[in-house]
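Using the working numbering, the first residue of the sequence shown is number 1, and each one after it goes up by one. Data first, discussion second: the structure below is written as structure tokens.
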Amino acid sequence: MHPDKSPGPDGFNPAFYQRFWEQCSDDIFSAASIWLERGYFPTSLNETNICLIPKCDNPTSMKDLRPISLCNVLYKMISKVLANRLKCCLDKCVSQEQSAFVEGRSILDNALIATEVIHALKRKTKGRRGELALKIDISKAYDKVDWGFLRGVMTKMGFTEVWIRWVMMCVSSVNYSVLMNSERVGPISPGRGLRQASGQEVNLVKLEVFISRNMSQAAKEDLSRILGVKLVLGTGIYLGLPSMVGRSKEIMIKSVLQEIPSYVMSIHWLAWERPACPKAHGGLGFRNFEAFNKAMVAKQVWNIVQNPSSLVARLIKARYFPRSSLFEAPLGYNPSFSWRSMWQARQILSLGCRWRIGSGVNIRVMHDPWLRGSANRWVPSPQPAGVYQLSVRDLLHENYKAWNIVKVRNLFSKDVAEKILETPLVSSVREDKVVWEEERNWCYSVKSGYKLAMRYIIGSDKYHVMGNWNGIWKAQAPHKARHLLWRLCRGCLPTRSRLLERRVECTLNCPVCDEEIEDELHIFFRCAVARDSWSAAGLSSVLHNATYQQTNAMDHIFAICSNESSDTVGRVAMLLWCIWHNRNDKLWNDNVQMPRQIGRHAFDAWNDWYSVHKLQSNNVCGTTEADLVRWEKPALDWVKCNFDVAFVSGSGRTSMGLCFRDNNGHFMAVISSIEGEAWALLLAMEEARYRGLDRVQFESDLKVLIEVIHMKRRGNSEF
């Protein structure tokens, strides 16, 4: 739970329990065990405040208010434990049609199914029989579930009486108080959810029907009138998304853009692709919307690949690639907008995916990526003709899971054969599965997909500018000063010479000295006022070194970043910001500062910022040191095993280490071997069993591995 979650009636938020967990954890565990064993909660435990949040500006009825339940954190702990136990079997209890609120499923599945259904109805233009899609919304469905019905469902599903009693304790012991004008009104003892209503009620406002195109308009209107349902043309909203995306998208975008105010005198200094580049290549690291959109759509493609038995996966496969895989599927005739988007986004997955070898039956040697390593996951061509029809299973021994070395060396060249034989095989893995190599848990994420898209699909070297850009962003200076350095190097400052290049009529003389043409070199490095300001700030030697054999302002800045410390670069950035600020103040307000004042102001401003920045850094470092995890001894009669792994990049070798310590911290055994972190845990368990240790706490610093073991995170790795 987030520490700052709203507290319940007792006033204790999660931060209180997290801060004092060592002092109160034993008492909470004992009390919760007693309550669950006896079968009832204290009256005050499940008291709940209801805060009413308006859905609109002027709410006139209860349906215009959103009730937010503020439960006691102590009750949330108990209910969360029960929910986590139930989570592991929800997938078996809930049908495939229910895609929300179940781990491993996505509510977008239903939205995609609705989109495909509407698209199919739109395509149906022939035939005597029409088809329709009816959208029904149940008003406050969860608030009207009867508790007797809930008990009956759990009994029918086979839950034990103890579990049913625990669940009913949570839902039946609650009483509500509504917060009105800072006062509690109540209590209210419910009998079903939040509302005392009988049965379920259809929300007529959200009721819609879409009818196929082979029916006449008169028939559609008659049917709509008989049903009492609004007739839509596929433009309705389902789960917050449009149920159909058709033509006229350009018209809609233009209508939105016309509402955005534009200024005739505005100047776009850089094309969008340039600031969208990474900071190390001269950009600002802005998110590329095309790449990010593809990365998000690729997440849905990944779900279809990982769950081929899901309802949406079976529908998409039956419609677009019934006799091939998703990665080989053609776009098809008259595809829907959602499939067209997924078809384009699958390119990201094809660049970062490979097959995890189980039985090897479903993996084709020459047509699927299955080799380890990000350089090349495919077996290179050309190869002997007979290889193209083989599966990976044909390269294994018949009786056990191991490479048939003789067969592999006979079929492939020496380099390819060694690459294949280096691919590990795990006997416990029996299912062939697609994994994502850009994440440590081998599962796709939008973040890693976006990085891969920027690296391979969208990224282009033509927008990259070579230079010491990292030196600018590492400068010890306020962000506004570093941003000024970047604008100076990219030619984005509105000096008079730059304005003239963009056909803005203006005088060319420097507004500060009125002697020479104003460009970046003059205003910051050659102007008499600027040079005196450098001297006043104590940076004249830096200016002298930077101007030696440099021809433009960008070279000056890069020379300073390369030759000076980050503190000195920060002082220079602050000085240039003050020089530019003085120039603008003179131009627009006719205020003039002496060079000594400019240099002194830059010096003082940088010192003040640096003092605060250093103080904040010390506070962060102090907090980090205080939060370091230290080794703690195990309980009496227990042994603790610590293990870790180290990987030598480029060598293909991984080394593992583990040690056993008793309750006094004494080393009982230390062992090392060559494998990965997961192999380290496996060998540690085998070593513990060999030594007759049956009560061992295994401790590792690899969070991903621990979360996968405890089923807090899903993983696809062989190990």
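For each residue, glycine too, the CB sits at the ideal point set by N, CA and C. What you are looking at is a predicted structure, and each value in this text was computed from that prediction instead of being measured.
Thinking C-beta only, is residue j closer than 8 Å to residue i?
i	j	result
V708	W638	no
M454	A291	yes
G130	M215	yes
L70	T48	yes
W35	K279	no
S172	G186	no
V429	A417	no
A276	N288	yes
T547	F525	yes
V720	W370	Since the displayed the chain opens at 1 and closes at 719, residue 720 lies outside it and no answer follows.
V73	L134	no
R123	N376	no
L484	L576	yes
A15	D4	yes
I226	K294	no
C659	F698	no
P511	R583	yes
K614	G665	no
G471	S562	yes
R724	T507	Nothing in the structure corresponds to residue 724, since the chain is present only between 1 and 719.
R340	L331	yes
G358	D432	yes
L411	W403	no
I267	R502	yes
L390	V426	no
C24	L179	no
Quick one: using the 10 Å Cβ neighbour count with 16 as the cut-off for buried, is residue i buried or exposed?
i	result
Q300	buried
R661	buried
Q217	exposed
W580	buried
G199	Below a pLDDT of 50, predicted positions are generally treated as unreliable, and G199, at 44, falls in that range; no measurement from the model is reported.
C489	buried
K419	buried
K703	exposed
E518	buried
A553	buried
W104	Note that residue 104 corresponds to Gly in the displayed sequence, not to Trp. Exposed, since its Cβ has fewer than 16 Cβ neighbours within 10 Å.
Q593	buried
Q476	buried
V434	buried
G8	buried
T623	Residue placement at T623 cannot be trusted, given a pLDDT of 45 that sits under 50; what the coordinates show is reported in the next sentence. T623 should be labelled exposed.
H522	buried
N303	buried
E37	exposed
G282	buried
C56	exposed
A680	buried
I674	Because I674 sits at a pLDDT of 33, beneath the cut-off of 50, its placement in the model cannot be relied upon, and the point is left open.
Going by DSSP, which residues form a beta bridge with residue i?
i	result
D644	G657
C71	T48
F210	A133
K433	R356
E699	N642
Y388	Answer is none; Y388 lacks a bridge partner.
K230	E208
V178	I50 and V185
L682	BP columns for L682 are empty, so no partner.
N664	Bridge partners of N664: none, in fact.
N509	I517
L396	W403
For the ligand FMN, is there any heavy atom lying closer than 7 Å to the beta carbon of residue i?
i	result
N72	In the structure shown, the ligand FMN is absent, as is every other ligand, since no ligand is present at all.
Using 8 Å for Cβ pairs, my map puts residue i next to residue j. What's the rounded Cβ distance?
i	j	result
I136	L207	6 Å
C353	W436	6 Å
R151	M169	Incorrect: roughly 12 Å between the Cβ atoms, too far for contact.
I557	V542	No, I557 and V542 are not in contact; Cβ-Cβ is about 11 Å, not under 8 Å.
L90	V102	5 Å
D109	S99	4 Å
Mind checking if residue i is an interface residue toward chain B, Cβ cutoff 8 Å exclusive?
i	result
D91	Reference to chain B is not applicable here, since this structure consists of a single protein chain.
Check: Does the pairing of the segment 534-544 with the segment 594-601 give three or more beta-carbon distances under 8 Å?
Finding: yes
Next item on the list: May I ask you to verify whether the segment 439-450 touches the segment 570-577, counting CB pairs closer than 8 Å and requiring at least 3?
Entry: no
Notebook entry, point to check: Quick one: any contact between the segment 312-321 and the segment 113-120, if contact means 3 or more CB pairs under 8 Å?
Noted result: yes
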